[in-house]
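The opening position of the sequence shown corresponds to residue 0 in numbering that gives the first Met the number 0, with each subsequent residue numbered one higher.
In what follows, a single structure is set out as structure tokens and then discussed.
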Amino acid sequence: MKIVEKTESREKCAEAGWFAWDCILDHKINREFILSLKPLGGFVYLDMLRQPFFKIENDYYMIKGIEGNNYFRIAVHGKHQEYLEKIEEFVNTEKQNSL
């Protein structure tokens, strides 16, 4: 799974010091991909929902998405924007180690 495009999210949260991006993937999100993100932080995966939802939280970023979509959202605290590139690298290389 690779991120093929990254755009600033339409939902603005900059007034709180957070910035968000929508990451478009080359495939639809599946269970295997969601579980591969587990090392990135506090992990919630509600697979019993009609549209299974996942969320990963860290002190400096949050990742949210829905299984079956071809995109997910990353929100990063403004002072720690380097995590955006680290998360993108993790996804694109499917690294299994934490940041």
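All C-beta atoms in this analysis are idealised placements derived from N, C-alpha and C, irrespective of residue type, glycine included.
Source: prediction; values computed, not measured.
For residue i, three-class secondary structure by DSSP
| i | result |
| --- | --- |
| lysine 28 | Per the sequence presented here, residue 28 reads as isoleucine, with lysine not at that position. It is coil, neither helix nor strand. |
| leucine 36 | coil |
| glutamate 66 | coil |
Backbone CA spacing between residue i and residue j [nearest angstrom]
| i | j | result |
| --- | --- | --- |
| glutamine 95 | glutamate 88 | In this predicted model, glutamine 95 has a pLDDT of only 44, less than 50, meaning its place in the structure is not dependable; the value taken from the coordinates is given anyway. Near 11 Å, if we compare the C-alpha coordinates of glutamate 88 and glutamine 95. |
| methionine 61 | valine 75 | 7 Å |
| tyrosine 82 | arginine 49 | 31 Å |
| lysine 37 | arginine 72 | 15 Å |
Cβ separation of residue i and residue j, assumed to be a contact under 8 Å, to the nearest whole Å
| i | j | result |
| --- | --- | --- |
| serine 8 | tryptophan 20 | 6 Å |
| isoleucine 33 | valine 90 | Actually they are not in contact, since the Cβ atoms of isoleucine 33 and valine 90 sit about 11 Å apart, beyond 8 Å. |
| glycine 41 | isoleucine 55 | 7 Å |
Close beta carbons around residue i, own chain, < 7 Å, minus the five adjacent residues each side
| i | result |
| --- | --- |
| lysine 99 | The structure shown does not extend to residue 99, since the chain is modelled only from 0 through 98, so no value can be given for it. |
Chain-order list of residues whose beta-carbon lies under 8 Å from that of residue i (same chain, five-residue window excluded)
| i | result |
| --- | --- |
| proline 51 | Arg30, Ile33, Tyr44, Leu45, Ile65, Glu66, Gly67 |
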